[in-house]
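Enquirer: Quick one: the structure is below, and I'll ask about it shortly.
Structure representation (structure tokens):
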């Protein structure tokens, strides 16, 4: 496990890629089956409708993955403390900071989300 972020100062700036829960959970599984490198904190909403992957600040400017959105947070209320409470009201950590890299690598996430979408499409076509 990469613990570089635990002893470093709090980082406020990040963007959040939001996806439907089903695709997000598939992507988490894909990322964890890989080397595990490049996976940052993941949040979920209390309604279990969406997952949010924390990505480096600036990712939103070039994010173009269908079925997902990338939102700039500019540090507004979302802090990457190693041992935080819920990141924002109405959500909680699926993979909290301190157990992950500081942010998910956008290229790695893009590939995992694409693979997840293909797996879901294949599974749904078998019904």
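Residue numbers (the numbering used here): 10 to 136.
Even for Gly, the Cβ is constructed at its ideal location relative to N, Cα and C.
In this text, all values refer to a predicted model and were calculated from it rather than measured experimentally.
#1: Short of 7 Å in beta carbon distance, which residues of its chain neighbour residue 112, apart from the five on each side in sequence? Order them along the chain.
#2: Locate the alpha helix (DSSP H) running through residue 98, then write down its first and last residues.
#3: Please go through the same chain and pick out, in chain order, the residues whose beta-carbon is closer than 8 Å to the beta-carbon of residue 25, but skip the five residues on each side of it.
#4: Measuring CB to CB, does residue 116 end up less than 8 Å from residue 36?
#5: To which residues of the same chain is residue 77 closer than 7 Å at the C-beta, ignoring the five residues directly before and after it?
#6: Hey, which unbroken runs of the beta strand (DSSP E) at 3 residues or more fall wholly within the stretch 18-61?
#7: Give the C-beta separation of residue 55 and residue 99 to the nearest angstrom, bearing in mind that I take them to be a contact with Cβ-Cβ under 8 Å.
Expert: With the structure as the only source:
#1: Residue 112 sits at position 103 when you count from the first residue of the chain shown. Taken in chain order, the residues that qualify are 23, 49, 63, 64 and 65.
#2: Translated into the one-based positions of the chain shown, residue 98 becomes position 89. Careful: residue 98 lies outside any alpha helix (DSSP H) and carries neither H nor E.
#3: Locating residue 25 in the chain shown gives position 16, counting from the first residue. Hits under 8 Å: 52, 61, 62, 63, 64, 79, 80, 82 and 87.
#4: For this step, residue 116 is matched to residue 107 along the chain shown. For this step, residue 36 is matched to residue 27 along the chain shown. No; because the gap between Cβ atoms is not below 8 Å, this pair is not in contact.
#5: On the chain shown, residue 77 is found 68 positions in, with the first residue counted as 1. Same-chain partners within the cutoff: 26, 27, 28 and 122.
#6: For secondary structure counted as the beta strand (DSSP E) over 3 or more consecutive residues, the stretch 18-61 holds these complete runs in sequence order: 23-29 and 51-54.
#7: The residue you call residue 55 lines up with position 46 of the chain shown. The residue you call residue 99 lines up with position 90 of the chain shown. Yes, they are in contact, since the Cβ atoms of residue 55 and residue 99 sit about 5 Å apart, within 8 Å.
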